Amino acid sequence: MGDFFDDTMQGLLEAVEIERGEIPLVQKEDMPAPTFTAYDKEKELIDEIIRLRKAQKMSQSQLAKLTGNKQQAISRIENKEHSPSLKLFYSMVRALGYDLEIVKEGKV
């Protein structure tokens, strides 16, 4: 199916997850109307991937090759135009020489 359909379905799935409380919402301050975002943590994680990649002087093309993807896919993720799957995100983390760990909330 086309990108529009994929984006629409992704939006509907996320709306259901938000309604169920599976995606935390944070109210943004200093906004004229109540504005919420569910993507702050995702943006932080992607920004950290960018920081780590640049610190290692690794190009998007090099990271793409290490993860079995195209440079354009890495670019879309870094520009927050596309959310990576957990599998792709984990492969990016591993390609940069890191690992993921789940930590009980409040123990960070």
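In the working numbering, the protein residues as written are 1 to 108. No residue lacks a Cβ here, since even glycine has one placed at the ideal position from N, Cα and C. Computed from a prediction, not measured in an experiment: that's the story for all the values here.
query                                                                                            : result
Proximity test, Ser75 beta-carbon vs the ligand GDP heavy atom, cut-off 7 Å                      : Although the ligand GDP was asked about, the structure shown includes no ligands whatsoever.
Nearest-angstrom Cα separation, counted from Val103 out to Ile74                                 : 27 Å
Beta-carbon proximity list for Ser91, same chain, < 6 Å, skipping 5 on both sides                : Thr67
Within the region 44 to 69, ranges of the alpha helix (DSSP H) (whole runs, at least 4 residues) : 60 to 67
Cβ-based neighbour list, Leu52, same chain, cut-off 6 Å, excluding 5 preceding and 5 following   : Leu96
Host alpha helix (DSSP H) of Tyr90 (start-end)                                                   : 86 to 95
Cβ shell of His82 (< 8 Å), same chain only, five flanking positions each side left out           : Ala73, Arg76
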